[in-house]
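**Student:**
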Amino acid sequence: MKYKALIFGSIGTLIESSNIQRNSFNEAFKEAGLDWYWDEQDYKILLKKSGGTKRVEDFAEKNNTNVNASQIRNRKTEIFSSYIIQNKQKLRKSVGEIIKYTKDNNIKLAFSTSTTLNNVDAVFESLSGQISKEEFEFIGNKSFVKNEKPHPEIYKVTLDKLNLQQEDCLAIEDTEESSNSAVNAGIKCIGFPGDYHLEDSFQMCIKKMNLLDQSIFSL
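Going by our numbering, the final residue of the sequence shown carries number 225, and the count climbs one at a time with no gaps.
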């Protein structure tokens, strides 16, 4: 077997989350008394930069508005987490099958995200009965790093925790920005675009796939 570990990089590689994230931001804006509204096209452009706080900061600067970006992002996280827990999500198509393949072939699993711990916990609670934390050798979150994606820090932490080299691992990411995090850490990456990224090229990845299958382990 060529790879010793498969690393899911983002929440969006497990569930289709972009529209829920967008709606959660809009609700947080409303609660903060802002007249902002991000439609699908707005959000697709904003997603080209990782990190919700950074998106809010950039949008505020563009609109000459002073806001507490961290506070808004934290409230958005609470809204998002509450929603996916109350409305159980399904694993993205083919993810369950590829996770089963890793278990059957003694390939380690990791979740190399730099989102908040609350978001991570909410995802696994929402997916209860489909996957569990116990299946993963390492699960990252924002507390492990000083630099969020697209900085490669969380992937370097993941390699250290798995005690593996870059060439031993294969990453899966749902956005080009997050894919750069894996590639800049020296890890080969599969582009697995979510609904808001289907038209992106993922040129930095070794392959772009709408469905995952065991052929990825021979790439």
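C-beta: ideal position from N, C-alpha, C; glycine also.
Bear in mind the structure is a predicted one, so any value in this text is a computation, not a measurement.
(1) Could you pull out every residue in the same chain whose Cβ sits closer than 7 Å to the Cβ of Ser185, ignoring the five residues on either side in sequence?
(2) Please name the residue, chosen from Ser221, Tyr43, Leu97, that lies closest to Glu131 on a Cα-to-Cα basis.
(3) Can you name, in chain order, every residue of its own chain whose Cβ lies under 7 Å from the Cβ of Leu217, other than the five neighbours on each side?
(4) Between which two residues does the beta strand (DSSP E) harbouring Gly197 extend?
(5) Going by DSSP in three states, Ile162 sits in which element: helix, strand or coil?
(6) Evaluate contact between the region 22–40 and the region 82–90, counting only Cβ atoms and requiring at least three cross-stretch pairs below 8 Å.
(7) Taking all protein chains shown into account, decide if Asp206 is buried (16 or more other Cβ within 10 angstroms of its Cβ) or exposed.
(8) Under the DSSP definition of a beta bridge, which residues are partnered with Phe144?
(9) Quick check: the region 47–58 against the region 131–151, are at least 3 beta-carbon pairs closer than 8 Å?
(10) Report the rounded CA-to-CA distance for Leu12 versus Met215, giving the unit in angstroms.
(11) Looking at Lys148: is its Cβ nearer than 9 Å to the Cβ of Glu154?
(12) Once DSSP output is grouped into helix, strand and coil, what is the label at Ile21?
(13) Under 8 Å by Cβ, that's how I've got Leu170 and Lys10 pegged, so tell me the actual separation to the nearest angstrom.
(14) What number of angstroms, rounded off, separates the C-alpha of Val62 from the C-alpha of Asn29?
(15) Look at the Cβ atom of Leu165, then the Cβ atom of Ile145, and state whether they are nearer than 9 Å.
(16) Which same chain residues end up closer than 7 Å to Phe150 when comparing Cβ atoms and leaving out the 5 residues on each side of it in sequence?
(17) Taking 9 Å as the cut-off, decide whether the C-beta atoms of Asp219 and Ile137 are in contact.
(18) Assuming Leu168 and Lys106 are in contact, meaning their beta carbons sit under 8 Å apart, how far apart are those beta carbons, in whole angstroms?
(19) Tell me, please, which residues DSSP counts as bridged to Ile13.
(20) Can the beta-carbon of Asn112 be found closer than 9 Å to that of Phe223?
(21) Just to confirm, are Pro158 and Ala116 a CB contact at a threshold of 9 Å?
(22) Alpha carbon to alpha carbon, what distance is there between Asp45 and Asn190?
(23) With distances taken from CA atoms, which of Leu176, Leu225, Thr121 is nearest Ile17?
**Tutor:** Taking the geometry as given:
(1) The answer, listed in chain order, is Glu179, Cys195, Gly197, Phe208, Met210, Cys211.
(2) Of Ser221, Tyr43, Leu97, the residue nearest in Cα terms is Leu97.
(3) The answer, listed in chain order, is Lys99, Ser100.
(4) Looking at the DSSP string, the run of the beta strand (DSSP E) that includes Gly197 is 194–197.
(5) Before going on, a small fix: residue 162 reads as Lys here, not Ile. Helix.
(6) Touching, yes.
(7) Answer is buried; the Cβ neighbour count reaches 16.
(8) In DSSP, Phe144 forms a bridge with Ala116.
(9) No, the region 131–151 is not in contact with the region 47–58.
(10) If I take the Cα positions, the gap works out to 15 Å.
(11) The criterion of a C-beta distance shorter than 9 Å is satisfied by Lys148 and Glu154.
(12) The answer is coil: DSSP assigns Ile21 none of H, G, I, E or B.
(13) With a Cβ gap of about 6 Å, Leu170 and Lys10 count as contacting.
(14) When the Cα atoms are used, Val62 and Asn29 turn out to be separated by approximately 14 Å.
(15) When the beta-carbon positions are compared, Leu165 and Ile145 stay at least 9 Å from each other.
(16) Same-chain partners within the cutoff: Ile160, Val163.
(17) In this structure, Ile137 does not lie closer than 9 Å to Asp219 by Cβ.
(18) In fact, because the Cβ distance is near 20 Å, the residues do not count as touching under 8 Å.
(19) In the DSSP output, where bridge partners are listed per residue, Ile13 has Ala116, Ala177.
(20) 9 Å or more divides the Cβ of Asn112 from the Cβ of Phe223.
(21) Cβ distance not < 9 Å, so Pro158 and Ala116 don't count as in contact.
(22) Note on geometry: alpha-carbon atoms of Asn190 and Asp45 lie some 31 Å from one another.
(23) Minimum Cα distance to Ile17 is reached at Thr121.
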